[in-house]
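Novice: Supplied in structure tokens, the structure appears directly below.
Residue numbers (the numbering used here): 107 to 226.
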């Protein structure tokens, strides 16, 4: 079974908290600093499938890059999905963090107590 993976930004307190939970539980995990090693569009699609979310659901729309791209005006229909995924792959700072993909194939945007509890 593969190790759990965390898409981690060490400058983010929520990301550091999720990483600490993984360490406290003794989880076998791989830290992916996704700003240095961005996920591909295919990887983002895979994670979205595991999350059961759409790309706009995991997009940090308050980021300066999001405003520069005009994301607030982008459509959120199935036909718009690839455009959003490409934006996330090209601008990984727009990806909500942290994302944890567990060894058994589940995924969480680990920003709240409920998702953190699922990692424990």
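Glycine residues also receive a C-beta, built at the ideal position from the N, C-alpha and C atoms. Computed from a prediction, not measured in an experiment: that's the story for all the values here.
(1) If you check the beta carbons only, do residue 112 and residue 125 fall under 7 Å apart?
(2) Any idea what DSSP makes of residue 129, helix, strand or coil?
(3) For residue 180 versus residue 161, is the C-beta spacing smaller than 7 Å?
(4) In angstroms with no decimal places, state the Cα-to-Cα distance between residue 220 and residue 214.
(5) Between the stretch 158-175 and the stretch 188-204, do at least 3 Cβ pairs fall closer than 8 Å?
(6) My assumption, with CB atoms under 8 Å, is that residue 204 sits in contact with residue 216. Please give the rounded CB distance.
(7) Between residue 114 and residue 151, which are expected to be in contact by the criterion C-beta below 8 Å, what is the C-beta distance as a whole number of angstroms?
(8) Please work out which residues of its chain come closer than 6 Å, Cβ to Cβ, to residue 62, disregarding the five sequence neighbours upstream and downstream, and give them in chain order.
(9) Is it buried or exposed for residue 116, if we count other Cβ within 10 angstroms and need 16 for buried?
(10) In this structure, how does DSSP classify residue 222 when only helix, strand and coil are distinguished?
(11) Would you list the residues sitting across from residue 138 in a DSSP beta bridge?
(12) I'd like to confirm the pairing. Which residues does DSSP put opposite residue 164 in its beta bridges?
(13) Which of the three DSSP states, helix, strand or coil, is assigned to residue 213?
Specialist: Working from what's here:
(1) Contact: yes.
(2) When secondary structure is reduced to three states using DSSP, residue 129 falls in the helix class.
(3) Not in contact: residue 180 and residue 161 (Cβ atoms no closer than 7 Å).
(4) Taking the straight line from one Cα to the other gives about 10 Å.
(5) Three or more pairs of CB atoms, one per stretch, sit closer than 8 Å, so the stretch 158-175 contacts the stretch 188-204.
(6) Rounded, the Cβ-Cβ distance is 5 Å, consistent with contact.
(7) With 8 Å as the limit, residue 114 and residue 151 do not qualify as a contact, their Cβ atoms being about 20 Å apart.
(8) In this structure the chain extends from 107 to 226, so residue 62 is not present and cannot be described.
(9) Counting C-beta atoms within 10 angstroms of its own C-beta, residue 116 has fewer than 16 neighbours from the protein chains shown and is therefore classed as exposed.
(10) Looking at residue 222 - three-state DSSP - the assignment turns out to be helix.
(11) DSSP output for residue 138 lists 113 as bridge partner(s).
(12) Bridge partners of residue 164: none, in fact.
(13) In the structure shown, residue 213 sits in a strand (DSSP, three-state: E or B).
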